[in-house]
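Asks:
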Amino acid sequence: MSRISSVAVRKAMEMLCSEESLGPAILRLAADAGVEPPRLEVGQIQAVNAGVELVERQGPVRYPYVQVCCERVVNSMREKFRKFSGTARIGVEIRCSGERVGAVEEESRLLADALTEVLENNRGDWGDGFSYAGGYELTHHAARAGGKNVVQVARVVFELDVRV
Numbered sequence: 287m288s289r290i291s292s293v294a295v296r297k298a299m300e301m302l303c304s305e306e307s308l309g310p311a312i313l314r315l316a317a318d319a320g321v322e323p324p325r326l327e328v329g330q331i332q333a334v335n336a337g338v339e340l341v342e343r344q345g346p347v348r349y350p351y352v353q354v355c356c357e358r359v360v361n362s363m364r365e366k367f368r369k370f371s372g373t374a375r376i377g378v379e380i381r382c383s384g385e386r387v388g389a390v391e392e393e394s395r396l397l398a399d400a401l402t403e404v405l406e407n408n409r410g411d412w413g414d415g416f417s418y419a420g421g422y423e424l425t426h427h428a429a430r431a432g433g434k435n436v437v438q439v440a441r442v443v444f445e446l447d448v449r450v
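Heads up: the sequence shown runs through residues 287 to 450, numbered per the working numbering.
(1) Thinking C-alpha only, which one of Ile380, Ala400, Arg348, Ala440 is nearest Asp318?
(2) Given that a residue counts as buried once 16 or more other Cβ atoms are within 10 Å of its Cβ, and exposed if not, what is Ser250?
(3) Could you tell me whether the Cβ atoms of Gly415 and Val378 are closer together than 9 Å?
(4) Could you tell me the boundaries of the alpha helix (DSSP H) in which Gln344 lies?
(5) Using three-state DSSP, classify Glu305 as helix, strand or coil.
(6) How should Ser383 be labelled, buried or exposed, when 16 other C-beta atoms within 10 angstroms of its C-beta is the threshold for buried?
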């Protein structure tokens, strides 16, 4: 099962870090909203499952910061003669920080919208027995103290179908 979670995270990271992924979606949505697009580089997208406080204690964090992790793997044995046929739940946290709550919230919502747009554009087969049907859950958390002054987290959870 651990191999399934590792491959699922790798697939999600490849999708998020590709040239046609978050960058163009962020630029398009920012232009539509008439705001300055936040800079999100590949190094700011990490395959890590840790709280914001712990990440900040490890060293300086460049915001916005995106974390990808596999939260749950379920082998439901839908296809009886396969080694694994089930789901892998992927969680993506977008963490934004700044000095004003309003600006941080606007950036958080824009990045979450870009992420959901990228997911919608990547429905289908992801290769190696992994596929994405298109469903997701988006949660915006309340802003709190941290980072540069204020931190806000938007969380997107989606499931990959796995058949290997």
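Here a beta-carbon is modelled for each residue, glycine too, at the ideal position from N, C-alpha and C.
Replies: This is what the structure gives:
(1) The count along the sequence shown starts at 1 and reaches residue 318 at position 32. Nearest of Ile380, Ala400, Arg348, Ala440 to Asp318, Cα basis: Ala400.
(2) Since the first residue of the chain shown is 287 and the last is 450, residue 250 is not available in this structure.
(3) If you number the sequence shown from 1, residue 415 lands on position 129. If you number the sequence shown from 1, residue 378 lands on position 92. In this structure, Val378 does not lie closer than 9 Å to Gly415 by Cβ.
(4) Position 58 of the sequence shown, counting from 1, holds the residue named residue 344. Here the alpha helix (DSSP H) through Gln344 covers 338-344.
(5) Residue 305 sits at position 19 when you count from the first residue of the sequence shown. In this structure, Glu305 counts as coil in the three-state DSSP scheme.
(6) To locate residue 383, count along the sequence shown from 1; it is residue 97. When all chains shown are included, Ser383 counts as buried.
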